[in-house]
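Colleague: Numbered continuously in our numbering, the sequence shown closes out at residue 334. For every residue, glycine included, the Cβ atom is placed at its ideal position computed from N, Cα and C. One structure coming up, written as structure tokens, with questions to follow.
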Amino acid sequence: MVDSIASSSPAPLILIVDDDNSLRTLLRLAMQGEGYRTDDATNGQEALAKFERLQPDIVLLDAMMPEMDGFTCCQKLQGFSRGTTTPILMITFLDDQESVDQAFAAGATDYITKPIHWGVLSQRVRRLLQSQRALDTAKEAQEQLRKQQIWETLFQDTLQQFSQARALFPLLQSTLNYLQTILQSSRIVLSYPDQSLFLEVVVPMMASARNLAFADLAFLSSYENYYLTGQILRLDHLATSPLATSEMAILNALNCQALMNAPLLKNGQVVGLLAVHSQSPRSWDSLDAQRLAMLANLIAIALR
Numbered sequence: 031m032v033d034s035i036a037s038s039s040p041a042p043l044i045l046i047v048d049d050d051n052s053l054r055t056l057l058r059l060a061m062q063g064e065g066y067r068t069d070d071a072t073n074g075q076e077a078l079a080k081f082e083r084l085q086p087d088i089v090l091l092d093a094m095m096p097e098m099d100g101f102t103c104c105q106k107l108q109g110f111s112r113g114t115t116t117p118i119l120m121i122t123f124l125d126d127q128e129s130v131d132q133a134f135a136a137g138a139t140d141y142i143t144k145p146i147h148w149g150v151l152s153q154r155v156r157r158l159l160q161s162q163r164a165l166d167t168a169k170e171a172q173e174q175l176r177k178q179q180i181w182e183t184l185f186q187d188t189l190q191q192f193s194q195a196r197a198l199f200p201l202l203q204s205t206l207n208y209l210q211t212i213l214q215s216s217r218i219v220l221s222y223p224d225q226s227l228f229l230e231v232v233v234p235m236m237a238s239a240r241n242l243a244f245a246d247l248a249f250l251s252s253y254e255n256y257y258l259t260g261q262i263l264r265l266d267h268l269a270t271s272p273l274a275t276s277e278m279a280i281l282n283a284l285n286c287q288a289l290m291n292a293p294l295l296k297n298g299q300v301v302g303l304l305a306v307h308s309q310s311p312r313s314w315d316s317l318d319a320q321r322l323a324m325l326a327n328l329i330a331i332a333l334r
């Protein structure tokens, strides 16, 4: 059965590729009986299209199919963005060393021979999924460590420069440039309500927010009290956001589909805004959101 994982996570998706309708049906029933989600393809070309669209967690791939055999299909799958990391279990009648070598050379992760021993198939699918989850977890941990080190560098450099320099605006602009690189965002804005301070980093071909009133940029009428609690406004997708129609129109005009707004606070008032915009929907990292709030607090202290 499927391993116990977070209840919010869907069951792993298995793409079954076989030109034999009977075996394809048996594989589907067996995998669904184990608690997995399944989809299937009858040939290699259909498998390539479904792999790109569905991004399955594992592929069960018949080696011997007409037109495009499993070996060729497996090789082509390696060209997709997730092709080299998605486990591929080759299913074949052949058990000679040459065929085994060919399967692994094509990019297969493992293989199983026909007639299929269903207990063995179940164990191999489970093992491959467990191994891939472990690799994904390790990669995520490495990425989080890398990002943490980058943020720490930003904080240290910002603190050092603020403590030594008198001309803050050039340093703030440098900080925004670095922040834009870290978050890979489309626009970064640092602004005061009276626009005595307005700094912006924006990707080419994207409109500036300079002519937008501060209250509109920050959505103060709706979120000022929220900001005063020290929280940031984080929206992952404009289409599903709780914003008012007028506020959504502002973001559409700015070609912004996701954002994080971190307030600059002083004496119980919103005295500025550090805004991060993305021109496509995005699931913001909660740690990045916390670090953005810390940076906004640091900037607010430096500007007093």
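Leaving aside the five residues before and after residue 60 along the sequence, list all residues of the same chain whose C-beta is less than 8 angstroms from its C-beta, in chain order.
Modeller: Taking the sequence shown and counting its residues from 1, one reaches residue 60 at position 30. For residue 60, where only same-chain residues beyond five positions count, the Cβ hits under 8 angstroms are 148, 151, 152.
Colleague: Measure the alpha-carbon distance for residue 271 versus residue 126 and round it to whole angstroms.
Modeller: Position 241 of the sequence shown, counting from 1, holds the residue named residue 271. Position 96 of the sequence shown, counting from 1, holds the residue named residue 126. The alpha-carbon atoms of residue 271 and residue 126 are separated by roughly 57 angstroms.
Colleague: Determine, using beta carbons only, whether residue 46 and residue 90 come nearer to each other than 7 angstroms.
Modeller: On the sequence shown, position 16 is the one that residue 46 refers to. On the sequence shown, position 60 is the one that residue 90 refers to. Contact flag set, yes.
Colleague: At the level of alpha carbons, what is the spacing between residue 178 and residue 172?
Modeller: Numbered from its first residue, the sequence shown carries residue 178 at position 148. Numbered from its first residue, the sequence shown carries residue 172 at position 142. Whole-angstrom Cα-Cα distance: 10 angstroms.
Colleague: According to DSSP, is residue 125 helix, strand or coil?
Modeller: Taking the first residue of the sequence shown as 1, we reach residue 125 at position 95. The answer is coil: DSSP assigns residue 125 none of H, G, I, E or B.
Colleague: With distances taken between CB atoms, is the gap from residue 108 to residue 65 smaller than 7 angstroms?
Modeller: Counting from one through the sequence shown, the residue named residue 108 turns up at place 78. Counting from one through the sequence shown, the residue named residue 65 turns up at place 35. It is not a contact, given that the beta carbons lie outside the stated cut-off.
Colleague: Does the beta-carbon of residue 120 have 16 or more other beta-carbons within 10 angstroms, so that it is buried, or is it exposed?
Modeller: Residue 120 sits at position 90 when you count from the first residue of the sequence shown. It counts as buried.
Colleague: For residue 277, collect the residues of the same chain with a Cβ closer than 6 angstroms to its Cβ; drop the 5 residues on either side in sequence, then sort them by chain order.
Modeller: For the purposes of this step, residue 277 is identified with residue 247 of the sequence shown, where counting begins at 1. So the qualifying residues of the chain are 249.
Colleague: State buried or exposed for residue 307, treating a residue as buried only when at least 16 other CB atoms are found within 10 Å of its CB.
Modeller: Taking the sequence shown and counting its residues from 1, one reaches residue 307 at position 277. That one is buried.
Colleague: Near residue 334, which residues of its chain fall below 7 angstroms by C-beta distance, leaving aside the five closest residues on each side in sequence?
Modeller: Residue mapping note: residue 334 aligns to position 304 of the sequence shown, counting from 1. So the qualifying residues of the chain are 296.
Colleague: Exposed or buried, residue 215, counting other C-beta atoms within 10 Å across all chains shown (16 or more means buried)?
Modeller: Stepping through the sequence shown from its first residue, residue 215 is reached at position 185. Label assigned to residue 215: buried.
Colleague: Considering Cα atoms alone, identify which of 87, 54, 69, 78 is closest to residue 39.
Modeller: Position 9 of the sequence shown holds residue 39. Considering only alpha carbons, the answer is 87.
Colleague: Could you pull out every residue in the same chain whose Cβ sits closer than 8 angstroms to the Cβ of residue 155, ignoring the five residues on either side in sequence?
Modeller: By 1-based counting over the sequence shown, the position of residue 155 is 125. Residues 44, 61, 64, 66, 88, 90, 119 of the same chain have their beta carbon placed closer than 8 angstroms to that of residue 155, with the five preceding and five following residues left out of the count.
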